[in-house]
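Undergrad: The opening residue of the sequence shown carries number 33 in the working numbering; numbering runs sequentially from there. Where is the CB? At the ideal position from N, CA and C, for every residue including glycine.
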Amino acid sequence: MNASSLISSAEHDQANISFSEADLEQIAQITQKYPTSQAAVMPVLWMAQKKWGWLSIPVLQLVAETLGLPFSHVQGVASFYTMYWKRPMGKQHVQVCTNISCLLRGGEDIYRHVSNSLGIGHMERTEDGKFSLEEVECMGACGGAPMIVINEDYYENVTIEEVDRLLDSRNRPE
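Structure, rendered in C-alpha coordinates:
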(Lines of atoms letter the chains of each structure in order from A and count residues from 1; the text may use other names and numbers.)
(Lines give C-alpha, C1' and ligand atoms only; values in the text may rest on other atoms or scores of the structure.)
Protein backbone atom coordinates (compact mmCIF):
# COMPACT_ATOMS: atom_id res chain seq x y z
CA MET A 1 0.00 0.00 0.00
CA ASN A 2 1.46 3.35 -0.93
CA ALA A 3 1.62 6.22 1.55
CA SER A 4 -1.04 8.25 -0.23
CA SER A 5 -3.65 5.58 0.42
CA LEU A 6 -3.38 5.82 4.20
CA ILE A 7 -6.00 7.68 6.18
CA SER A 8 -4.80 11.11 7.18
CA SER A 9 -6.52 13.15 9.86
CA ALA A 10 -5.26 16.23 8.03
CA GLU A 11 -7.60 15.38 5.15
CA HIS A 12 -10.54 16.54 7.24
CA ASP A 13 -10.33 19.70 9.27
CA GLN A 14 -11.62 18.01 12.42
CA ALA A 15 -12.80 21.24 14.03
CA ASN A 16 -14.87 22.39 11.05
CA ILE A 17 -17.03 19.35 10.44
CA SER A 18 -20.63 20.41 10.73
CA PHE A 19 -23.78 20.35 8.68
CA SER A 20 -24.96 23.66 7.24
CA GLU A 21 -28.52 24.87 7.75
CA ALA A 22 -29.31 23.69 4.20
CA ASP A 23 -27.84 20.26 5.04
CA LEU A 24 -29.97 20.05 8.19
CA GLU A 25 -33.07 20.93 6.18
CA GLN A 26 -32.22 18.18 3.70
CA ILE A 27 -31.69 15.72 6.56
CA ALA A 28 -35.08 16.70 8.01
CA GLN A 29 -36.68 15.98 4.62
CA ILE A 30 -34.90 12.64 4.45
CA THR A 31 -35.92 11.58 7.96
CA GLN A 32 -39.56 12.48 7.27
CA LYS A 33 -39.61 9.72 4.64
CA TYR A 34 -38.79 7.03 7.20
CA PRO A 35 -40.54 5.73 10.32
CA THR A 36 -37.41 6.20 12.48
CA SER A 37 -34.15 8.11 12.23
CA GLN A 38 -32.38 4.74 12.32
CA ALA A 39 -33.98 3.92 8.96
CA ALA A 40 -32.61 7.18 7.50
CA VAL A 41 -28.96 6.48 8.32
CA MET A 42 -27.99 5.22 4.84
CA PRO A 43 -29.15 8.25 2.83
CA VAL A 44 -27.68 10.61 5.44
CA LEU A 45 -24.34 8.76 5.28
CA TRP A 46 -24.46 9.05 1.48
CA MET A 47 -25.14 12.77 1.78
CA ALA A 48 -22.23 13.18 4.22
CA GLN A 49 -19.90 11.24 1.94
CA LYS A 50 -20.84 13.46 -1.00
CA LYS A 51 -20.18 16.55 1.15
CA TRP A 52 -16.80 15.49 2.60
CA GLY A 53 -15.63 12.86 0.10
CA TRP A 54 -15.34 10.08 2.67
CA LEU A 55 -16.61 9.11 6.13
CA SER A 56 -14.02 9.88 8.78
CA ILE A 57 -14.69 9.16 12.46
CA PRO A 58 -15.70 12.81 13.10
CA VAL A 59 -18.15 12.66 10.18
CA LEU A 60 -19.64 9.41 11.51
CA GLN A 61 -19.94 11.01 14.96
CA LEU A 62 -21.71 14.01 13.44
CA VAL A 63 -24.19 11.78 11.59
CA ALA A 64 -24.85 9.84 14.81
CA GLU A 65 -25.41 13.03 16.82
CA THR A 66 -27.60 14.59 14.14
CA LEU A 67 -29.83 11.52 13.89
CA GLY A 68 -29.79 10.85 17.65
CA LEU A 69 -28.31 7.39 17.13
CA PRO A 70 -25.52 5.52 18.88
CA PHE A 71 -22.17 5.98 17.15
CA SER A 72 -21.77 2.19 17.04
CA HIS A 73 -24.89 1.85 14.88
CA VAL A 74 -23.78 4.49 12.37
CA GLN A 75 -20.25 3.08 12.25
CA GLY A 76 -21.67 -0.44 11.80
CA VAL A 77 -23.75 0.62 8.79
CA ALA A 78 -20.81 2.51 7.26
CA SER A 79 -18.53 -0.49 7.80
CA PHE A 80 -20.95 -3.05 6.39
CA TYR A 81 -21.66 -1.40 3.03
CA THR A 82 -18.80 -1.05 0.54
CA MET A 83 -20.34 2.06 -1.03
CA TYR A 84 -19.22 4.06 2.01
CA TRP A 85 -15.57 5.03 2.00
CA LYS A 86 -13.67 5.04 5.27
CA ARG A 87 -10.60 6.63 3.71
CA PRO A 88 -10.02 9.42 1.20
CA MET A 89 -10.60 8.39 -2.39
CA GLY A 90 -9.43 10.00 -5.59
CA LYS A 91 -11.38 12.67 -7.42
CA GLN A 92 -12.04 9.97 -10.02
CA HIS A 93 -13.00 6.75 -8.22
CA VAL A 94 -12.74 3.78 -10.58
CA GLN A 95 -14.58 0.58 -9.70
CA VAL A 96 -13.91 -2.53 -11.79
CA CYS A 97 -16.18 -5.55 -11.51
CA THR A 98 -14.40 -8.91 -11.37
CA ASN A 99 -17.37 -11.11 -10.47
CA ILE A 100 -18.13 -14.15 -12.61
CA SER A 101 -19.89 -12.49 -15.58
CA CYS A 102 -17.30 -9.72 -15.81
CA LEU A 103 -14.46 -12.16 -15.09
CA LEU A 104 -15.47 -14.38 -18.00
CA ARG A 105 -15.53 -11.36 -20.31
CA GLY A 106 -12.19 -9.83 -19.28
CA GLY A 107 -12.96 -7.96 -16.05
CA GLU A 108 -9.87 -9.25 -14.28
CA ASP A 109 -7.66 -8.18 -17.22
CA ILE A 110 -9.27 -4.74 -17.13
CA TYR A 111 -8.67 -4.47 -13.37
CA ARG A 112 -4.99 -5.44 -13.76
CA HIS A 113 -4.61 -2.99 -16.65
CA VAL A 114 -6.11 -0.09 -14.68
CA SER A 115 -4.03 -1.01 -11.63
CA ASN A 116 -0.82 -1.09 -13.69
CA SER A 117 -1.72 2.08 -15.62
CA LEU A 118 -2.41 4.07 -12.47
CA GLY A 119 0.28 2.41 -10.35
CA ILE A 120 -2.15 1.65 -7.52
CA GLY A 121 -4.01 -1.34 -6.13
CA HIS A 122 -7.34 -2.02 -4.50
CA MET A 123 -8.58 0.90 -2.35
CA GLU A 124 -5.49 2.98 -3.04
CA ARG A 125 -5.23 6.35 -4.71
CA THR A 126 -2.66 8.02 -6.88
CA GLU A 127 -0.21 10.37 -5.18
CA ASP A 128 -1.82 13.39 -6.86
CA GLY A 129 -5.24 12.33 -5.52
CA LYS A 130 -6.80 12.24 -8.98
CA PHE A 131 -7.64 8.52 -9.10
CA SER A 132 -8.52 5.71 -6.75
CA LEU A 133 -9.22 2.10 -7.64
CA GLU A 134 -11.58 -0.48 -6.23
CA GLU A 135 -12.13 -4.08 -7.28
CA VAL A 136 -15.81 -4.88 -6.72
CA GLU A 137 -17.74 -8.12 -6.69
CA CYS A 138 -20.88 -7.11 -8.55
CA MET A 139 -22.53 -3.97 -9.81
CA GLY A 140 -25.78 -5.60 -10.87
CA ALA A 141 -25.25 -5.23 -14.62
CA CYS A 142 -24.10 -8.70 -15.61
CA GLY A 143 -25.73 -8.39 -19.04
CA GLY A 144 -23.29 -5.57 -19.83
CA ALA A 145 -20.14 -7.32 -18.64
CA PRO A 146 -17.38 -6.37 -18.36
CA MET A 147 -18.21 -3.11 -16.70
CA ILE A 148 -16.64 -0.31 -14.73
CA VAL A 149 -17.98 2.65 -12.81
CA ILE A 150 -16.14 5.96 -12.62
CA ASN A 151 -17.68 8.03 -9.86
CA GLU A 152 -21.38 7.52 -10.64
CA ASP A 153 -21.05 6.87 -14.39
CA TYR A 154 -21.57 3.26 -15.51
CA TYR A 155 -19.79 1.87 -18.58
CA GLU A 156 -20.78 -1.54 -19.92
CA ASN A 157 -19.12 -3.90 -22.41
CA VAL A 158 -15.84 -2.03 -21.98
CA THR A 159 -12.54 -2.88 -23.60
CA ILE A 160 -9.08 -2.00 -22.37
CA GLU A 161 -8.85 0.60 -25.14
CA GLU A 162 -12.13 2.19 -24.07
CA VAL A 163 -11.01 2.23 -20.43
CA ASP A 164 -7.80 4.00 -21.50
CA ARG A 165 -9.85 6.65 -23.32
CA LEU A 166 -12.12 7.12 -20.29
CA LEU A 167 -9.17 7.50 -17.91
CA ASP A 168 -7.38 9.87 -20.29
CA SER A 169 -10.49 12.04 -20.62
CA ARG A 170 -10.76 12.31 -16.83
CA ASN A 171 -7.08 13.09 -16.37
CA ARG A 172 -7.14 16.37 -18.28
CA PRO A 173 -6.26 19.57 -16.40
CA GLU A 174 -9.29 21.37 -15.02
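In three-state terms, what does DSSP make of valine 91?
TA: Here residue 91 corresponds to residue number 59 of the sequence shown, with the count starting at 1. Helix at valine 91.
Undergrad: Using the C-alpha atoms, what's the distance from valine 126 back to glutamate 169?
TA: The residue given as residue 169 occupies position 137 in the sequence shown. The residue given as residue 126 occupies position 94 in the sequence shown. C-alpha separation (whole angstroms): 13 angstroms.
Undergrad: Which residue comes first and which comes last in the beta strand (DSSP E) that contains valine 190?
TA: As a position in the sequence shown, residue 190 is number 158, starting the count at 1. First-last for valine 190: undefined, no H or E at that position.
Undergrad: How many whole angstroms separate the CB atoms of methionine 115 and glycine 85, which I take to be in contact at a CB cut-off of 8 angstroms?
TA: Residue mapping note: residue 115 aligns to position 83 of the sequence shown, counting from 1. Residue mapping note: residue 85 aligns to position 53 of the sequence shown, counting from 1. Contact between methionine 115 and glycine 85 fails: their C-beta atoms lie close to 14 angstroms from each other, not under 8 angstroms.
Undergrad: Which of helix, strand or coil does DSSP assign to cysteine 129?
TA: Numbered from 1 along the sequence shown, position 97 holds the residue referred to as residue 129. Cysteine 129 falls in the strand class under three-state DSSP.
Undergrad: When the Cα atoms are used, what is the spatial distance from serine 164 to aspartate 55?
TA: Taking the sequence shown and counting its residues from 1, one reaches residue 164 at position 132. Taking the sequence shown and counting its residues from 1, one reaches residue 55 at position 23. Using only the alpha carbons, I get a separation of about 27 angstroms.
Undergrad: Considering only DSSP beta bridges, list what valine 181 is partnered with.
TA: The residue labelled residue 181 in the question sits at position 149 within the sequence shown. Residue pairing of valine 181 in beta bridges, as defined by DSSP: Gln127 and Tyr186.
Undergrad: Whole angstroms is fine: what's the gap from glutamate 193's alpha carbon to lysine 82's?
TA: Translated into positions along the sequence shown, residue 193 becomes position 161. Translated into positions along the sequence shown, residue 82 becomes position 50. Roughly 30 angstroms between the two C-alpha positions.
Undergrad: Please give me, in chain order, every unbroken run of the beta strand (DSSP E) with length at least 3 that falls completely inside the region 133-176.
TA: Qualifying beta strand (DSSP E) stretches, in chain order: 163-168.
Undergrad: Within this structure, are the beta carbons of valine 76 and leucine 92 separated by less than 8 angstroms?
TA: Numbered from 1 along the sequence shown, position 44 holds the residue referred to as residue 76. Numbered from 1 along the sequence shown, position 60 holds the residue referred to as residue 92. No, they are not a contact pair.
Undergrad: Short of 7 angstroms in beta carbon distance, which residues of its chain neighbour arginine 202, apart from the five on each side in sequence? Order them along the chain.
TA: What you label residue 202 is simply residue 170 of the sequence shown in a count that begins at 1. Result list for arginine 202: Gln124 and Ile182, in chain order.
Undergrad: Whole-angstrom Cβ separation of glutamate 167 and tyrosine 143, contact assumed at under 8 angstroms?
TA: As a working mapping, residue 167 is identified with position 135 in the sequence shown. As a working mapping, residue 143 is identified with position 111 in the sequence shown. Indeed, because the Cβ distance is near 5 angstroms, the residues count as touching under 8 angstroms.
Undergrad: State buried or exposed for serine 40, treating a residue as buried only when at least 16 other CB atoms are found within 10 Å of its CB.
TA: Looking up residue 40 in the sequence shown gives position 8. For serine 40, the pLDDT reaches just 43, beneath the cut-off of 50, and the residue's location in the model is therefore unreliable, leaving the point undetermined.
Undergrad: Assign arginine 202 to one of three DSSP states: helix, strand, or coil.
TA: One-based indexing of the sequence shown puts residue 202 at position 170. DSSP places arginine 202 in helix when its eight states are reduced to three.
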